[in-house]
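Below: one structure, written as structure tokens.
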Amino acid sequence: MSLAIVWFRRDLRLSDNPALADALARHRYVLPVYIHAPGEDGVWAAGAASNWWLHHALDDLSQQLDARLLVRRGPVLDTLLALIADSGAEAVYWNRLYEPAAIERDTAIKRRLRAEGIDAGSHNAALLFEPWEVSTRQERPYRVFTPFWKELVARGLPSTRQALPQLTGRLIGAEHLRALDPEPLDSLGLLPRIRWDDGIAGTWEPTRAGAEARLDEFLASGLRHYQSGRDLPAKDRVSRLSPYLHFGQLGPRELVAACRAGGGGADAYLRELGWREFAHHLLYHFPHTSDEPLDERFAAFPWRAGDAQLAAWQTGRTGVPLVDAGMRQLWQTGWMHNRVRMIVASFLTKNLLLPWQAGARWFWDTLIDADLANNTLGWQWTAGCGADAAPYFRVFNPVLQGERFDANGDYVRRWVPELARLPDKWVQRPWEASAVVLEEAGVRLGQDYPHPLVDLKASRERALAAWGRVK
DNA sequence: TGAAATGTTGGGGCG
DNA sequence: ACGCCCCAACATTTC
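Numbering-wise, the numbering used here comes out as the position in the first sequence, counting from 1, plus 3.
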């Protein structure tokens with residue numbers, strides 16, 4: 004009886020999964036496989052937070068598959084060939100990844116499998132449109148978001164609400180699975196050895212059920228007021244769906260369908276999904292940009308070196324409350340509100356003049372939703388060296404941003420508790436508070452909370468001068 | 001998906 | 001009543 008391997012990667016769902024659907028359509032039995040091969044991710048090996056999520060997502064997927072997910076470890080090609088030999092599979096199907104290293108590896112795997120007479124096929128589960136399907140009238144990749152998004156909308160955003168596939172009797176038997184040397188999930192070492200994950204575990208439900216619950220909550224409470232609500236980091240009015248999208252526990256087509264059914268306010272949110280598409284479009288067409296600026300004029304930009312300042316930023320000890328609040332939210336929960344991401348990124352690159360790559364690396368290591376395309380776009384946008392980037396003169400003032408979007412200081416107080424007793428007027432800028440005010444709030448600057456790492460006005464002017472010289 | 005500097009306007013205090 | 005100044009409020013320009 005014919006058997007197909009479905010090679011799961013970051014498409015950890017059963018619904019709207021074209022590789023799985025293809026396998027079910029063409030073959031009698033299906034062998035779902037996950038192969039752990041961290042070395043094949045190149046220099047962008049997944050960080051600890053990402054691995055934590057992956058562990059639980061795989062555990063959850065395995066449960067949905069009636070414990071028939073075969074986990075293996077090793078080089079992917081060798082592992083697949085061994086599995087084909089041991090199981091008698093005639094085909095391997097998977098859903099595409101779009102990072103440069105993954106494309107290179109998967110292309111080689113497809114070629115080799117076909118050379119061996121195996122039916123190898125890849126599908127799109129992760130994006131609304133393939134990066135190579137969309138181009139400007141000059142047949143070039145888009146480099147500006149708005150026309151890119153208009154084109155996608157004009158084509159019609161694909162959406163689907165598929166029922167779960169009927170798997171009963173289609174998965175290979177448990178005894179057959181055991182003969183294929185399954186690796187216990189725990190042995191992959193994805194979970195932390197020392198338990199630093201309490202904050203993350205208390206914040207997230209990294210399962211398909213968690214994704215659906217989070218989506219329902221967002222549709223009910225956030226989507227309608229997304230346009231304005233998304234800017235308030237203390238409120239829970241953003242989707243928080245990014246990690247589910249990254250690991251494919253939710254597909255973008257499913258999300259479009261849910262938004263359409265969810266009523267008003269969806270356009271502003273769908274546009275954010277458009278930025279995700281744009282990020283993948285850019286990384287596909289400009290594969291070096293995860294490490295190098297897209298705008299060549301920035302190749303020789305005079306970034307500073309500052310290990311102590313970088314460490315202060317990473318650990319939320321810059322002395323600028325909103326920046327520190329964001330960095331601590333990231334460290335404790337593996338996630339940061341998007342407006343705050345822009346603010347801390349602006350602070351690192353512009354006020355501290357530290358290279359965006361250092362920030363990108365830290366986000367990569369700590370974010371639960373770390374995604375190479377999105378991370379690259381976001382950091383290059385902030386640094387002004389990417390596609391459709393922020394103008395060089397756009398420097399966020401974290402004090403003003405705090406007063407505008409965290410007016411009563413709820414966000415700062417939550418993540419920087421040592422400032423909690425400061426009055427609203429000073430909570431975003433304790434260094435300007437009088438000695439009496441500080442004393443009454445129990446804050447000794449330089450002891451309980453640091454003096455600001457840099458003067459905002461002077462460092463802003465330094466940044467403007469440096470960016471102004473890029474010509 | 002900025003911020004700060006500069007310009008303009010209009011109301012009110014005051015001699 | 002009038003002109004002058006101050007300054008908040010808003011608009012425009014510049015970085």
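Built from N, CA and C at the ideal position, the CB exists for glycine as well.
The closest CA to that of Ala104, considering only Pro35, Glu280, Arg114 and Gly42, is found on Gly42. Taking a cut-off of 8 Å for Cβ pairs, the region 68-76 and the region 32-49 touch, as three or more such pairs fall below it. Residue pairing for Asp372: DSSP places it in no beta bridge.
8 Å or more divides the Cβ of Leu100 from the Cβ of Arg256.
Judged by DSSP in its simplified three-state form, Pro394 adopts coil rather than helix or strand.
Segment contact: the region 86-94 against the region 46-65, fewer than three CB-CB distances shorter than 8 Å; contact not assigned. Nearest Cα to Glu102 within the set Asp200, Leu244 and Leu285: Leu285. Residue pairing of Ser125 in beta bridges, as defined by DSSP: Trp97.
With respect to the 8 Å criterion, Thr336 and Ile203 are classified as neighbours on the basis of their beta carbons. Taken through DSSP and simplified to helix, strand or coil, Leu73 comes out as strand. DSSP lists Arg76 as the bridge partner or partners of His39. Three or more beta-carbon pairs drawn from the region 384-399 and the region 282-297 are found closer than 8 Å, and the two stretches are therefore classed as touching. The three-state secondary structure of Ile8, taken from DSSP, is strand.
Nearest C-alpha to Met330 among Gly322, Arg342, Val347 and Asn341: Val347. A Cβ-Cβ contact shorter than 8 Å links Tyr96 with Ala7. Under a 10 Å Cβ-count criterion, Leu57 is classified as buried, with 16 or more other Cβ atoms of the shown protein chains found around its own Cβ. Beta-bridge annotation (DSSP): Leu34 is paired with Ile8. Straight-line spacing of the CA atoms in Arg211 and Val326 works out to 32 Å. For the options Leu194, Pro195 and Ser245, the alpha carbon positioned closest to that of Glu215 is the one of Ser245.
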